[in-house]
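**Student:** The structure is given below, and queries will be raised subsequently.
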Amino acid sequence: MALLRVTSPHAHGPMSTQRVMQNVLLATVPGIIVLTHFFGFGTLVNVLFGSIVALLCESLALLLRKRPLGFYLKDCSALVTAFLLCIALPPYAPWWLITIGIASSILLAKQLYGGLGYNPFNPAMAGYVILLISFPVQMTAWAPPRGMGELPGLLEAIKACFLPASFDGITMATPLDIMRQNTGLLMEDLWQQNPQFGRWGGVGWEWANIAFLAGGAWLLYQRIFTWHAPLAMLASLSLLAALFYDGGSSASGGSPLFHLLSGATMFGAFFIVTDPVTSAVSLRGRLIYGALIGVLIYVIRVRGSYPDAVAFAVLIMNFAAPFIDYYTQPRTYGHNKKPEGK
Amino acid sequence: MRKTYNFHGGIHPPENKHQSVRTPIADAGIPPQLTVPLSQHIGAPAHPVVSIGDHVLKGQVIAEARGFVSVPKHAPSSGSVIAIEDRLIAHPSGHLAPCIVIATDGKDEWLQRQIPPDYQALNKTELIDLIRNAGIAGMGGAGFPSSVKLSVKEGTHIETLIINGTECEPYITADDILMRERADQIIEGTKILRHIIAPQETLIGVENNKPEGLAALRAAAEGTGIEIVEFPTKYPSGGEKQLIEILTGKQVPSGGLPSQVGVVCQNLGSAVAIYEAVVLGHPLISRITTVTGESVREPQNFQVLIGTPMRYLLEKAGYQAQKNNRLIMGGPMMGFTVPDSDVPIVKTTNCLLAPTESELPTPPPAQACIRCGLCAEACPVSLLPQQMFWFAQGKELEKLEEHNLFDCIECGACSYACPSNIPLVQYYRASKAEIVHLRHEHEKSEHSRIRFEARQERLDQAADEKEAKRAARKQAAEARAQQADGGAEDPIQAAIERAQAKKAAQQASGASTVSELERLEQAVVTTRKRLDTASTKLDQATAEGSDLVSALQLGVDKTRAKLEVAEQALQEFQQTPTAAPVENPPTNAAQAAIEKAMAARASEAALSPSEKAQAQLEKLQQRLQKSQNTLARSRENGEEEKVIEALEASVARLTEKISAAQDQRNEAENA
Ligand code: SF4
Ligand code: SF4
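These protein sequence lines map, in sequence, to chains A and B. Anchor point for the first sequence: position 10 equals 10 in the working numbering, and the numbering is continuous, going up by one each time. Anchor point for the second sequence: position 252 equals 252 in the working numbering, and the numbering is continuous, going up by one each time.
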């Protein structure tokens, strides 16, 4: 056997990009299950259909860019984008909405910039924002949670996706919408008058958040990412919520717990903010990056007019990430430090 | 327990050390051939002092050191020299290098050994000489001669002497087994080092994955004041800078030496070699090498002679060549692959790793960088590997240097951690090589620029002189006319003429000195050559019993006589002071004399004297300015010392000239 000539190191660690992506996919499963439990099969259909579209889009882009299909599809990054976008979409979204969203994510936000690793913006969030701006009605139509109306069955969910005209789903304001629009009610009254509110956050939402938190904790345990960005985001969001809680008055922005367990908070913290490609790289940088996203989420939730703030907050900070990296470069060994004893 | 510090980053690759420590050190024996490379470490190659056919004894010097960063080579066993030629050696670039090949006779006969006196009685320099003459070079990574590391600048205060027993690379157990079996020798060697360095404290640093070795060392160090420090296992804690940080909390400044933070580091293997050299009088002719990997049946440590072919050693351990996918000298993190298993073991061969394909698989193609930052988290130097990768791809060499590329120790932790399998270190190595290459190019062009400027200056000077001569001639003619007119002797004119004559003579001799010297040297060289060929012919004839012998003998004698004459002539010539073919200060003096005289004369003739002197002064000042600029630039660019010295000398000369010119002007003004 001819001896191989390669340079060091000869050993390689157990981590691979493929494994990172697969673990992320796996970690979304509890969240998807809880969403399906509370809102029906809509999310599941979104995710399955979105995945197929994503693989097709990715293949198309790779063919156009004359890249080997198998090698790049194997990294599973297209699937991750599909999962993340489709989880964020309202359940029972029509096929065209999903298709436009995925195409924007994969073709515009990712492949146009040169593919995985070169995209400055989180593809899923970029796709989400494009949809939100273009189709605000469809994007804000959230189904009511279990117990507040009939949950459509699987067949109906599929019909909703492919024959949207024949689907007559009911929609309901989300707890975040209600909170933002509230002007006159004390927190206590708001909770009593709206059945959408559950124990800490919205019915269904709170459990979905807890499920995503569990998935994120597992990823942390697997060392897929570090704790810095997600914890910093959750901390700054809670801090602001606590500061402006205002004792639960009618001017309150909602309690810290409400914010932690509402909307896409946990999903964002552990699946979006942690996207390595578009976040800051150094640990200190990630603390700053996460904390600022938390601040933006709070501000946009309370002052803005969109259903949730995670996507906007993340995109804005994607933009700032290179600057954060620039200002948080670590001190190299043996630099900027006077030798001792002189 | 001593406080230890942590360093940034690091990784925990599987250790795979247990395989090779199950049996004690085995003797690899004497292979039929030993191939000793003349340069097996950093620094200048050694110069062979034996010839083909010579019989050598074990321990005999076969090549002498050349230069400070160089050590001599010794015959690892007795036998005869059969070749001095270029052979394939273990080197990352896999190139050929000069080697001395010895066919062993199996007797392993020692040269008459000199047991050195008790080291306590020897001073630092004597001990360092002893260590250098024993050929001891760092036995870990780079193989830096130990004597160089020990020659700390006079007056540097060394607080800590560190013996590096970390051995953080997976698979390697050469130091571990030394600790288990030869702890006493390690401690003795350490004591010698302590005697040389005289530090405040002496530490032996060992990772905590070697409990047996640690226990043996502790027992041996009892009561010696040498402290055995244990710290958590993490790669690359054995990097010199990392170890210094672990043990002292100090960081060696970038580009600096450990002695700048009061530390001297030595390898554990070197300590044993030093013990053998200083106490037993053995030069470094063998070492401990770990042979391991799944392609050998019995992984273990060997005491092996330097120069042993790797294949010979591998076979001792049950090598299964067909299973082996690559042969690595060193460990899996920093070792390099060797092109062929026939290359010899050298002083730095701490490990031969012969893995199978499943053990260390061929790297898959790299995927895109996902900026996960795992590389940056792993980097022990706190670099930003992903940024450097980006710049390396874009060939942004300046950015790379700004990101401290040259602080990268090529430990491979980043590549190990990278999920996308990007061969990061390979990029850094290539970029470093490219930057070094460009620097060389730049230096070269700088040199030619300096040469060009020097030439320009010479031409200017020549033009000035010509001008002066022309003026002098004109004045001389005028003077003669005057003389013809007035008749009286003009003393100044006479002085000018005298000076001119002298100058002309000197210039002539100056020019001829160079060519004369060259001619003589040439004569010596050619005569010597002729003598050589004649002698060879004579030898041949003698050997063949030819009848030309006497004729040839006559020729040789004659040539030898000629050579002697030529050499004598050359020597005599060199001793005469005019032979120095340097810049010509006498000419300048003559020039100055002429100028002075002319200035005086001109002043006499009331020809705007001070103006002329002033002009001259200004010209000189301009030249000085120019030279000073060049000098400053060269200093900034870190030019070679020679160049800087030459430039300094020329600045000094110009300064002198200027003060002379100032005097002249003042004189002129006063007149
Ligand atoms: S470890 Fe590899 S993929 Fe991750 S940031 Fe570094 S170079 Fe990029
Ligand atoms: S090889 Fe260089 S960049 Fe990579 S981890 Fe080691 S020191 Fe850092």
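Think of the CB as a built atom: it goes at the ideal place given N, C-alpha and C, for glycine as much as any other residue.
Tell me whether residue 9(A) sits in a helix, a strand or coil according to DSSP, three-state version.
**Tutor:** Residue state, collapsed to three classes: coil.
**Student:** In chain B, what lies closer than 9 Å to residue 29(A) by C-beta?
**Tutor:** Those within 9 Å of residue 29(A) in chain B number zero; the least Cβ separation is about 21 Å.
**Student:** Just the Cα atoms here: how many angstroms apart are residue 320(B) and residue 314(B)?
**Tutor:** Those two C-alpha atoms are separated by around 9 Å.
**Student:** What span of residues does the beta strand (DSSP E) with residue 36(B) cover, start to end?
**Tutor:** Start and end: 33 to 37.
**Student:** Any Cβ of chain B within less than 8 Å of the Cβ of residue 12(A)?
**Tutor:** Interface residue, yes.
**Student:** Beta-carbon distances below 7 Å to any heavy atom of ligand 2 define the shell here; list its residues in chain order, please.
**Tutor:** The filter returns 9(B), 375(B), 378(B), 379(B), 380(B), 381(B), 383(B), 385(B), 388(B), 408(B), 409(B), 410(B), 411(B), 412(B), 413(B), 414(B), 415(B), 424(B), 425(B), 428(B), in chain order.
**Student:** Could you tell me if the beta carbon of residue 420(B) falls within a distance shorter than 7 Å of some heavy atom in ligand 1?
**Tutor:** At least one heavy atom of ligand 1 is nearer than 7 Å to the Cβ of residue 420(B), so yes.
**Student:** Mind the definition here: the stretch 236 to 246 of chain B touches the stretch 3 to 12 of chain B only if three or more C-beta pairs lie below 8 Å; say whether that holds.
**Tutor:** At 8 Å Cβ cutoff, the stretches touch.
**Student:** Closer than 7 Å, Cβ to Cβ, to anything on chain B: give me those residues from the stretch 324 to 338 of chain A, in chain order.
**Tutor:** Under the 7 Å Cβ criterion, the stretch 324 to 338 of chain A contributes 329, 330, 331, 332, 333, 334, 335, 337.
**Student:** Between which two residues does the beta strand (DSSP E) carrying residue 98(B) extend?
**Tutor:** That run of the beta strand (DSSP E) goes 96 to 104.
**Student:** Answer with yes or no whether the minimum CB distance from residue 383(B) to chain A is below 8 Å.
**Tutor:** Cβ-Cβ to chain A under 8 Å: yes for residue 383(B).
**Student:** If you run the structure through DSSP and keep just helix, strand and coil, what is residue 122(A)?
**Tutor:** Looking at residue 122(A) - three-state DSSP - the assignment turns out to be coil, as it is neither helix nor strand.
**Student:** Does DSSP classify residue 253(A) as helix, strand or coil?
**Tutor:** Coil.
**Student:** Please give the ranges of any alpha helix (DSSP H) in the stretch 247 to 272 of chain B, keeping only runs that are unbroken, at least 4 residues long and fully inside the region.
**Tutor:** For the stretch 247 to 272 of chain B, not a single whole alpha helix (DSSP H) run of length 4 or above is found.
**Student:** What residue does the alpha helix (DSSP H) around residue 23(A) start on, and which one ends it?
**Tutor:** 17 to 27 is the extent of the alpha helix (DSSP H) around residue 23(A).
**Student:** Residue 111(A) to residue 61(A), Cα distance in whole Å?
**Tutor:** Each residue's Cα considered, the two are about 7 Å apart.
**Student:** Taking 7 Å as the cut-off, is the CB of residue 215(A) close to at least one heavy atom of ligand 1?
**Tutor:** No, ligand 1 has no heavy atom inside 7 Å of this Cβ.
**Student:** What in chain B is Cβ-close to residue 276(A), meaning under 8 Å?
**Tutor:** Correct list: 370, 371, 372, 373.
**Student:** Going by DSSP, name the residue or residues bridged to residue 351(B).
**Tutor:** Bridge partners of residue 351(B): 290(B).
**Student:** Could one say the Cβ of residue 105(A) lies closer than 8 Å to chain B's Cβ atoms, at least one of them?
**Tutor:** Cβ-Cβ to chain B under 8 Å: no for residue 105(A).
**Student:** Evaluate residue 193(B) with the Cβ neighbour count: other Cβ atoms within 10 Å of its Cβ, from every protein chain shown; 16 or more gives buried, anything less gives exposed.
**Tutor:** Buried, by the Cβ-count rule.
**Student:** Going by DSSP, name the residue or residues bridged to residue 221(A).
**Tutor:** Answer by DSSP bridge pairing: none, since residue 221(A) is not bridged.
**Student:** Would you say residue 391(B) reaches chain A, if we count a Cβ-Cβ gap shorter than 8 Å as a contact?
**Tutor:** With 8 Å as the cut-off, residue 391(B) does not count as an interface residue toward chain A.
**Student:** Among the residues of its own chain, which have a CB less than 7 Å from the CB of residue 264(A), if the five just before and after it don't count?
**Tutor:** 88, 308, 310.
**Student:** Can you give me, in chain order, the residues of the stretch 332 to 345 of chain B that have a beta carbon less than 9 Å from any beta carbon in chain A?
**Tutor:** For the stretch 332 to 345 of chain B, which is checked against every Cβ of chain A, the residues closer than 9 Å are 332, 333, 334, 335, 336, 337, 338, 339, 340, 341.
**Student:** For residue 579(B), name the three-state secondary structure that DSSP assigns.
**Tutor:** Low confidence applies here, because residue 579(B) scores a pLDDT of 37, under 50, leaving its location unreliable and the question unanswered by this model.
**Student:** Could you check which residue in 285(B), 123(B), 665(B), 474(B) has the C-alpha nearest to that of residue 71(B)?
**Tutor:** The option with the nearest alpha carbon to residue 71(B) is 285(B).
**Student:** Could you give the first and the last residue of the continuous alpha helix (DSSP H) run that contains residue 205(B)?
**Tutor:** Looking at the DSSP string, residue 205(B) is not in any alpha helix (DSSP H); the run it does join, the beta strand (DSSP E), is 201 to 207.
**Student:** For residue 156(B), does the count of other Cβ atoms within 10 angstroms reach 16, so buried, or fall short, so exposed?
**Tutor:** Under this definition residue 156(B) is an exposed residue.
**Student:** Taking DSSP as the reference, what is the three-state secondary structure of residue 26(B)?
**Tutor:** In the structure shown, residue 26(B) sits in a strand (DSSP, three-state: E or B).
**Student:** Taking Cβ to Cβ, would you say residue 102(A) is nearer than 8 Å to residue 85(A)?
**Tutor:** Yes, Cβ-Cβ distance for residue 102(A) and residue 85(A) is below 8 Å.
**Student:** Which residues bound the beta strand (DSSP E) around residue 83(B)?
**Tutor:** It spans 79 to 88 - the beta strand (DSSP E) in which residue 83(B) sits, taken as one unbroken run.
**Student:** Just checking, does the stretch 267 to 283 of chain B make contact with the stretch 115 to 126 of chain B on the three C-beta pairs under 8 Å criterion?
**Tutor:** Yes, since at least three Cβ pairs between the stretch 267 to 283 of chain B and the stretch 115 to 126 of chain B fall closer than 8 Å, the two stretches touch.
**Student:** Quick check: is any heavy atom of ligand 1 less than 7 Å from the C-beta of residue 369(B)?
**Tutor:** Yes, since a heavy atom of ligand 1 falls inside the 7 Å radius drawn around the Cβ of residue 369(B).
**Student:** DSSP on residue 229(B), reduced to helix/strand/coil?
**Tutor:** If DSSP states are grouped into helix, strand and coil, residue 229(B) belongs with the strands.
**Student:** Measuring alpha carbon to alpha carbon, tell me which residue in 153(B), 268(B), 227(B), 137(B) is nearest residue 177(B).
**Tutor:** Checking every option, the nearest Cα to that of residue 177(B) belongs to 268(B).
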